[in-house]
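As structure tokens, the structure follows; a few thoughts come after it.
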Amino acid sequence: TENYIKNLAQISLIICAMAVYVIADRFDGSGILAVTVFGLFVGNSYINKIFNVESYAPFFSNLFEILVFVFAGIIIKVPFNDFIFLIKATLLYGFFMLIRYMSVEISFRETITKREKWFMTLLIPKGVSAATLILLIATYNLPGINPILNLMMFFILISIVIGTIGGRYTTYFLSQKSQ
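Position in the sequence shown (from 1) plus 421 gives the number in our numbering.
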């Protein structure tokens, strides 16, 4: 039941934050400022000592990542049926990976193995910051920006796939020092 109470507390905290935002916005106030002040009060209050609000950080982080990628997926329409786009994007991504490998090679010349260098090349961060940037750029509706947004989204998707595959073979890349 303790785990149930913690999950319920996380959900109730989100609901309260949303309610604070809506109420402030309804009275022509700043919803962002209201939620920020709410967060300061919760963080410095008795509630923080009871429920250890800092343990909610991974929950909120994952929620933010999910929302960013869902919104990016809704707004950006990657033309997967355009064969020319896919070939160009894949070649450009291959060039990006080559540059990334060369930078790892230059940075770690003799200190790590080739497998470790490939591991560092393949494991690219998920791209939450890039997805957030895509959302920001997409809101401006600039003429001619769609191909760039499509390419950015394609890079994020491929990076996630390659990073996931590379992460599955961690023992292969990091186990032997002989290479």
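Note that the Cβ used here is the ideal one computed from N, Cα and C, for glycine as well.
Note that this is a predicted model, so its numbers are computed, not measured.
For Ala445 and Ala438, which I take to be in contact (beta-carbon distance under 8 Å), what is that distance rounded to the nearest angstrom? Here residue 445 corresponds to residue number 24 of the sequence shown, with the count starting at 1. Here residue 438 corresponds to residue number 17 of the sequence shown, with the count starting at 1. In fact, because the Cβ distance is near 11 Å, the residues do not count as touching under 8 Å.
For Phe575 and Ala510, believed in contact at Cβ under 8 Å, the rounded distance: Mapped onto the sequence shown, residue 510 falls at position 89. Mapped onto the sequence shown, residue 575 falls at position 154. Contact flag correct, Cβ pair sits at about 5 Å.
Is Thr560 close to chain C? Criterion is C-beta to C-beta, closer than 7 Å. In the displayed structure, chain C is absent; only one protein chain is listed.
Grab me the residues of Ile579's own chain with a C-beta within less than 6 Å of its C-beta, minus the 5 sequence neighbours each way, in chain order. The count along the sequence shown starts at 1 and reaches residue 579 at position 158. Closer than 6 Å at Cβ, skipping near neighbours: Tyr514.
Distance, Phe485 Cα to Leu519 Cα: The residue you call residue 519 lines up with position 98 of the sequence shown. The residue you call residue 485 lines up with position 64 of the sequence shown. Rounded to whole angstroms, Leu519 to Phe485 spans 31 Å at the Cα level.
Beta-carbon gap between Leu570 and Ala559 smaller than 7 Å: Position 149 of the sequence shown, counted from the start, is the residue given in the question as residue 570. Position 138 of the sequence shown, counted from the start, is the residue given in the question as residue 559. Taking C-beta atoms as the reference points, Leu570 and Ala559 count as a pair closer than 7 Å.
Range covered by the alpha helix (DSSP H) that runs through Lys509: The sequence position of residue 509 within the sequence shown is 88, counting from 1. Segment 504 to 528, the alpha helix (DSSP H) holding Lys509.
Use the C-beta contact count for Thr592: other C-beta atoms within 10 angstroms, 16 or more gives buried, fewer gives exposed. In the sequence shown, the residue the question calls residue 592 occupies position 171. Flag for Thr592 reads exposed.
Name the two residues that bound the continuous alpha helix (DSSP H) containing Ser580. Translated into positions along the sequence shown, residue 580 becomes position 159. It spans 567 to 589 - the alpha helix (DSSP H) in which Ser580 sits, taken as one unbroken run.
Within 7 Å, strictly: CB atoms of Ile577 and Gly548: Indexing the sequence shown from 1 puts residue 577 at position 156. Indexing the sequence shown from 1 puts residue 548 at position 127. Taking 7 Å as the Cβ cut-off, Ile577 and Gly548 qualify as a contacting pair.
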